[in-house]
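Taking it in order: structure first as structure tokens, then the write-up.
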Ligand SMILES: [Zn+2]
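Residue numbers (the numbering used here): 5 to 247.
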């Protein structure tokens, strides 16, 4: 049994080294997410606190005290070591990509796609469009190599393709989901994506710009706010599963 860490310190689940780490409890976003479900402020601006990273071995995770048995293999791999030493990748993006490599090694391909998309958001914030495009393409490849995608994930694939400049693929993917008659909110987002892709628009857009204002839909007037206890993902699911 390893010794219990001192207060405020955690033991890395991969290498056992002790380091000081802050724990992160996400607050609720107060504004609508982007079309790829990047949360609105203030949660949007807190990405620097979403993951912990071991200063000794580089392992990154929401809680580095916990590690899947395959995590050590990923962290010891050439890919991972190369990433940690890659000066061309901004440090915060490196942290998300490191977590993505661990998730990929454990077979959690959709979660790895998500972490890779988070790296693209970091690139967006740093105004590095080439990195953002590359990581969005990587995220799409990971999503598509995993199990079948639900409507919410497919919307994120469509938006990632469009923002990576792959407009034909974005449009074809959106049309394929529309043909399956998804919930109304999903159809509205896809319709906006088709319009943006046709116009060659690679910019960020908010979910709010795809959905009619609540005043015109009185029966769903509370859709824009998070209900007590449901959490951010619960709110998003509600938004997207509305039929
Ligand atoms: Zn470590």
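Glycine residues also receive a C-beta, built at the ideal position from the N, C-alpha and C atoms.
For residue i, count the other beta carbons within 10 Å of its own beta carbon; 16 or more makes it buried, fewer makes it exposed. Which is it?
| i | result |
| --- | --- |
| residue 111 | exposed |
| residue 80 | exposed |
| residue 98 | buried |
| residue 13 | exposed |
| residue 130 | exposed |
| residue 185 | exposed |
| residue 122 | buried |
| residue 164 | buried |
| residue 70 | exposed |
| residue 220 | Because the pLDDT of residue 220 is 45, which lies under 50, any placement of that residue in the model is unreliable, and the number read from its coordinates should be weighed accordingly. Its Cβ having fewer than 16 others within 10 Å, residue 220 is exposed. |
| residue 204 | exposed |
| residue 172 | exposed |
| residue 134 | exposed |
| residue 67 | exposed |
| residue 207 | exposed |
| residue 151 | exposed |
| residue 199 | exposed |
| residue 33 | buried |
| residue 226 | For residue 226, the predicted structure reports a pLDDT of 44, less than 50, and the residue's modelled location is therefore unreliable. A value from the coordinates is still provided. Result: exposed. |
| residue 149 | exposed |
| residue 62 | buried |
| residue 90 | exposed |
| residue 222 | Confidence is the limiting factor: at residue 222 the pLDDT is only 43, short of 50, which leaves the residue's position unreliable, though a coordinate-based value still follows. Exposed, because fewer than 16 other Cβ atoms sit within 10 Å of the Cβ of residue 222. |
| residue 65 | buried |
| residue 167 | buried |
| residue 202 | exposed |
| residue 183 | exposed |
| residue 102 | buried |
Would residue i pass as a contact of residue j if the rule is Cβ separation under 8 Å?
| i | j | result |
| --- | --- | --- |
| residue 126 | residue 100 | yes |
| residue 136 | residue 124 | yes |
| residue 146 | residue 120 | yes |
| residue 194 | residue 181 | yes |
| residue 82 | residue 105 | no |
| residue 187 | residue 143 | no |
| residue 56 | residue 114 | no |
| residue 178 | residue 197 | yes |
| residue 26 | residue 48 | no |
| residue 109 | residue 74 | yes |
| residue 160 | residue 41 | yes |
| residue 174 | residue 162 | yes |
| residue 22 | residue 11 | no |
| residue 31 | residue 46 | yes |
| residue 87 | residue 211 | no |
| residue 16 | residue 60 | yes |
| residue 18 | residue 92 | no |
For residue i, which residues does DSSP report across the bridge?
| i | result |
| --- | --- |
| residue 22 | 15 |
| residue 64 | 57 |
| residue 210 | 38 |
Can we count residue i as close to ligand 2, meaning its CB is less than 7 Å from some heavy atom?
| i | result |
| --- | --- |
| residue 76 | By its list of ligands, the structure shown excludes ligand 2, since it contains just ligand 1. |
Which runs of the alpha helix (DSSP H), 4 residues or longer, sit entirely within the region 91 to 134? If we require 4 residues or more, the alpha helix (DSSP H) runs fully inside the region 91 to 134 come out as 95 to 109 and 113 to 129.
Output the residue ranges of the alpha helix (DSSP H) runs that lie fully inside the region 126 to 187 and measure 4 residues or longer, sorted by chain position. Complete alpha helix (DSSP H) runs here, min 4: 133 to 149, 155 to 167 and 171 to 182.
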